[in-house]
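J.:
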Amino acid sequence: MSSYKVTAEKILQPILHTSKIFLVSAAVLLALMAVGAYAYLTQLTQGLIVTGLRDWGMGGGIPWGAYISTFVWYVGIAHGGIAISASIRIMKLDEYKPLARMAELLTILSLTGALITIIVDSGRPDRIFNFVVYYLETVGDSPLIWDFTVVLAYFVLSAIYLGMTMREDVIKLMSRLPSKYKLLYRTVTFGHKEGEKEKVEQIAWWLALSLVILMALLSGGVIPWIFGLMPSQAGWFGAVQGPYFLTGALTSAVAGVIVVAAIAVKVFHWEDLISEKVFKGLSKMLLILTVIYLWFILNEHITAQYAGPTAEKAISDALLYGSLSTIFLPVLAILILSVIFLAIQTLRKAFSLKATLAVSIILLLTFWVKRLLIVMPSLLYPRLTLYPVGSYTPTWVEYTIITATVSFVALAYMIFMKIFPIMEIKEGE
Amino acid sequence: MSPVSRRNFIRYVAAVGAGVIAVKLGSSLMSGMRGSERDSLLKPGSAMAATSAGSPTPKYAYVVDVGTCIGCRKCVGACKEENGTPEGIFWMDLLYPTDADYKYLPRPCMHCDNPPCTKVCPVNARYKRREGFVLTDFKRCIGCRYCQVACPYGVNYFNWKNPRSSQAGSSSSGSLAEYRDLDGRLTAGGGHFTGVIEKCTWCIHRIEKGKPVPACVEICPVKALHFGDLNDPNSEVSQIISKNKYFRLLEELGTEPRVFYTGGYPPKLNRKTEK
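For the record, the sequence lines run as chains A and B.
Take 1 as the starting number for the first sequence in our numbering and just add one per residue.
Take 1 as the starting number for the second sequence in our numbering and just add one per residue.
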């Protein structure tokens, strides 16, 4: 039988008790968000000139940079979140069930982060609704609109999924949940009927299936198509982008889920709820995915290097020996070292949650840098070599705004955990 | 009568949605095919060009004679004056190829026949007109800069800051009156806008009002720049293209640019390997 036992007591702990850690981290996150808000205000009043972005070509800069990388990063994390949660449901992996809702929440909040980043990157955020107004004119052609469509569909489906699978637990715990949030609980359990559980499970199974299919389409299709369909930029164009991005998305997402779950285990002492076996499974998954990702990097560079003096080779050269090697080689080293660590851990059958958490955090950050190394090089080294090689350094505005979006995601996560049960309660408890 | 069941309702909505998207995708693929048909119009002497000669819709094209250009940058200045472009923005610019049999390469917007920038625009602010102009609707652009990223020629410029505060000559911002093209869209003049993309318009405000050529062509002291109608076999551009060898920049990308370079070979585009 499965080793997972979720008691109401344990689950209610973060809801009923407010720890010092919660208050301190909430204050820190709020402060970071305030700094980000100030930075965004600066950007709104002075224009995107306050960022490190500039026109490419004679402008000598790059028009897409840290914001777009952050967007791609968020969407990647979002995918794996739901991939994990939906697989748990579809394949009935009971042992992993305590992770399901955590992963779902990570998905929804990362998607929110992605949407915020896109708005921040826009020069005219006041016109963002033009996406909707001219939708039918542009849906046939613009990869950005495909993206907008699928991200929105994804958001709606995963929100429904989260809401539906949570109703039963809220009903069960209703009497013990704090009365100040009663209105919220009433809202999420609106129209609850005795014995709806079976039907909800059925719907959730189909929703999970469609989310997994959509995930492959979105992360292996629509997001990489933003880049892969652009022959103008050497280094982007090509069919490899689909599986390459999908692997990157899943890797960073598994890392994200490990981070969230490991922190929860440490803070709430949930060692008996999320077993070590689960973390071992996740770290094995992380190992395999990182290896596949490295294999894609190899593919990319060997293709560019073998071809001879082309625009693709100039970019590969820049990454391997040129101006970008100071960023690329450390990224490569971290990926390889992570693989070595995870492999040793798996083979030796020894396991350290702290070390795995550290590796996951490092990988999450590394994948952000790797996303920047997808967006940046092609724009720095124009195919039309009549233009000079560009340069780009993100400014404090970009860093603080991006940090603020991450803080927002983290704080929203914490607040959700303070109001709603983050794990499913097992039947009969 | 039984009410529509939820299942049937969902089916209906899904079918209509899928239908709309299928039609849109289909039509965009079709327009891709029409694009290749348009190319044959460009090739002088082709059957299509002959039959459509004298048709009411002109096919504008721009010819640069790199063998004649002396690099005086008068075109760059005339463009800035005509369009009042902000500091750091050069709709017309002069490039300096190092690996070519000439020194200067004037670079307006290519006004491609298969423009990557119009395809990617999420709000159709960037669009192509039948006569060949690729234009930007300044009132619709959301400033995502996808057009800039998709264009291989680097002709797009973003207003990173308030253009009025940084104007080189204080009076030149908005010196050109707001101009709405024949479709009623603001595509030239009326000042410049923070957070919005802009690029060369081939001076549509001049052409539509009957002036024969853009400001850059008019000012060129050595007649290296030409502008005209490819549908008219007697026009200057048709004559030059039919009698001379020409190249177009990055032709292999399939963008079908409408700027033709004569008087030299294409510049070599190999970036020196970094070591």
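For each residue, glycine too, the CB sits at the ideal point set by N, CA and C.
Just checking my contact of A/Ser158 with A/Thr107 at CB under 8 Å: how many whole Å lie between their CB atoms?
T.: 5 Å between Cβ atoms; contact.
J.: B/Gly143 CB to nearest chain A CB: under 8 Å?
T.: Yes, B/Gly143 counts as interfacial toward chain A.
J.: Got a sec: which bits of the region 379 to 397 of chain A sit with their beta carbon under 9 Å from any beta carbon on chain B, in order along the chain?
T.: Going along the region 379 to 397 of chain A in chain order, one finds Leu379, Tyr381, Pro382, Arg383, Leu384, Thr385, Leu386, Tyr387 and Val389 with a Cβ nearer than 9 Å to chain B.
J.: Determine, for B/Gln148, whether the minimum Cβ-Cβ distance to residues of chain A falls below 8 Å.
T.: True, the Cβ-Cβ gap to chain A drops below 8 Å.
J.: Kindly say whether B/Asp276, judged by its beta-carbon, lies nearer than 8 Å to any beta-carbon of chain A.
T.: The first residue shown for chain B is 1 and the last is 275, placing residue 276 of chain B beyond what the model contains.
J.: Per DSSP, B/His226 forms a beta bridge with which residues?
T.: Bridge partners of B/His226: B/Val63.
J.: Look at the alpha carbon of A/Ala8 and the alpha carbon of A/Glu271, and state the distance between them as a whole number of angstroms.
T.: The straight-line gap from Cα to Cα measures roughly 15 Å.
J.: Spatial neighbours of A/Met164 within its chain, please: C-beta separation below 8 Å, excluding the five flanking residues on both sides.
T.: The residues are Val200, Ile203, Ala204 and Leu207.
J.: Anyone know if the C-beta pair for A/Ile401 and A/Ala39 falls short of 8 Å?
T.: Yes. Within cutoff.
J.: Is A/Phe279 near A/Leu353, with beta carbons less than 8 Å apart?
T.: Against a cut-off of 8 Å, the Cβ pair of A/Leu353 and A/Phe279 comes out as a contact.
J.: May I ask you to list the residues that DSSP assigns as paired with B/Arg126?
T.: DSSP output for B/Arg126 lists B/Thr136 as bridge partner(s).
J.: Determine whether the Cβ of A/Leu48 lies closer than 8 Å to any Cβ atom of chain B.
T.: So, interface residue.
J.: If you compare alpha carbons, which of A/Tyr321, A/Leu320, A/Thr251 and A/Ser275 is closest to A/Val291?
T.: Looking at the Cα atoms, A/Thr251 is the closest of the given residues.
J.: Can you list, in chain order, the residues of the region 131 to 155 of chain A whose Cβ is nearer than 8 Å to any Cβ on chain B?
T.: Answer set for the region 131 to 155 of chain A: Phe131, Val133, Tyr134, Leu136, Glu137, Thr138, Val139, Gly140, Asp141, Ser142, Pro143, Leu144, Ile145 and Phe148.
J.: Using the Cα positions of A/Ala86 and B/Thr187, report the straight-line distance between them to the nearest angstrom.
T.: Their Cα atoms are separated by approximately 48 Å.
J.: Please report the Cβ distance between B/Ile197 and B/Arg145, rounded to the nearest whole angstrom; I am assuming they are in contact, meaning their Cβ atoms lie under 8 Å.
T.: That pair is a contact at about 6 Å.
J.: Which chain A residues are close to B/Phe90, counting only those with a beta carbon under 8 Å from its beta carbon?
T.: Within chain A, the residues near B/Phe90 are Met58.
J.: Which of helix, strand or coil does DSSP assign to A/Asp126?
T.: Correct three-state label for A/Asp126: helix.
J.: Is A/Ala445 close to chain B? Criterion is C-beta to C-beta, closer than 8 Å.
T.: The first residue shown for chain A is 1 and the last is 429, placing residue 445 of chain A beyond what the model contains.
J.: Please determine, among A/Ala234, A/Pro98 and A/Tyr244, the residue with the shortest C-alpha to C-alpha distance to A/Val222.
T.: Taking only the C-alpha atoms, the option nearest A/Val222 is A/Tyr244.
J.: What does A/Ser232 reach in chain B if we use C-beta pairs closer than 7 Å?
T.: The answer, in chain order, is Pro116, Ala150, Cys151, Pro152 and Leu253.
J.: Could you please give the first and the last residue of the uninterrupted alpha helix (DSSP H) stretch that includes A/Arg348?
T.: Looking at the DSSP string, the run of the alpha helix (DSSP H) that includes A/Arg348 is Ser325 to Arg348.
J.: Taking all protein chains shown into account, do 16 or more other C-beta atoms lie within 10 angstroms of the C-beta of A/Ala333, making it buried, or fewer, making it exposed?
T.: Exposed.
J.: By how many angstroms is the C-alpha of B/Asn234 removed from the C-alpha of B/Gly35?
T.: With a pLDDT of only 39 at B/Gly35, under the threshold of 50, the placement of this residue in the model should not be trusted; the figure read from the coordinates follows. Distance between the alpha carbons of B/Gly35 and B/Asn234: 24 Å.
J.: Starting from the beta carbon of A/Trp64, find every residue of chain B whose beta carbon is closer than 7 Å, and list them in chain order.
T.: Ordered by position in chain B, the residues that pass the 7 Å Cβ test against A/Trp64 are Arg145 and Val149.
J.: Going along the region 190 to 221 of chain B in order, which residues come within less than 7 Å of chain A, judged by CB to CB distance?
T.: Residues passing the 7 Å Cβ filter: Thr194, Gly195 and Val196.
J.: With DSSP as the reference, identify every bridge partner of B/Tyr246, one or two as the case may be.
T.: B/Thr262, per the DSSP bridge assignment.
J.: Please specify which runs of the alpha helix (DSSP H), each continuous and at least 4 residues long, are wholly inside the region 87 to 122 of chain B, giving them in chain order.
T.: Runs found: 116 to 120.
J.: Span of the alpha helix (DSSP H) holding A/Thr403?
T.: Taken as a continuous stretch (DSSP letters only), the alpha helix (DSSP H) holding A/Thr403 covers Trp396 to Ile419.
J.: With a threshold of 8 Å between beta-carbons, can A/Asp55 be considered close to chain B, or not?
T.: So yes, A/Asp55 belongs to the interface.
J.: Smallest Cα separation from B/Asn159: which of B/Gly210, B/Pro115, B/Asn124 and B/Gly88?
T.: Answer by Cα proximity: B/Gly88.
J.: Applying the criterion that 16 or more other CB atoms from any shown protein chain within 10 Å of the CB defines a buried residue, is A/Gly191 buried or exposed?
T.: Per the 10 Å Cβ criterion, exposed.
J.: Could you tell me which uninterrupted alpha helix (DSSP H) segments, each at least 4 residues in length, are contained entirely in the region 130 to 215 of chain A, listed from first to last along the chain?
T.: Entirely contained in the region 130 to 215 of chain A, the alpha helix (DSSP H) runs reaching 4 residues are, in chain order, 130 to 133, 135 to 138, 143 to 173 and 182 to 188.
J.: Counting only beta-carbon separations shorter than 8 Å, does B/Asn162 have a partner in chain A?
T.: Yes, B/Asn162 lies at the interface with chain A (some Cβ there is under 8 Å from its Cβ).
J.: If you check the beta carbons only, do A/Arg167 and A/Leu12 fall under 8 Å apart?
T.: No, the Cβ-Cβ distance between A/Arg167 and A/Leu12 is not below 8 Å.
J.: Does the region 26 to 45 of chain A come close enough to the region 328 to 343 of chain A to have 3 or more Cβ pairs within less than 8 Å?
T.: In short, these stretches do not touch, since the Cβ pair count stays below three.
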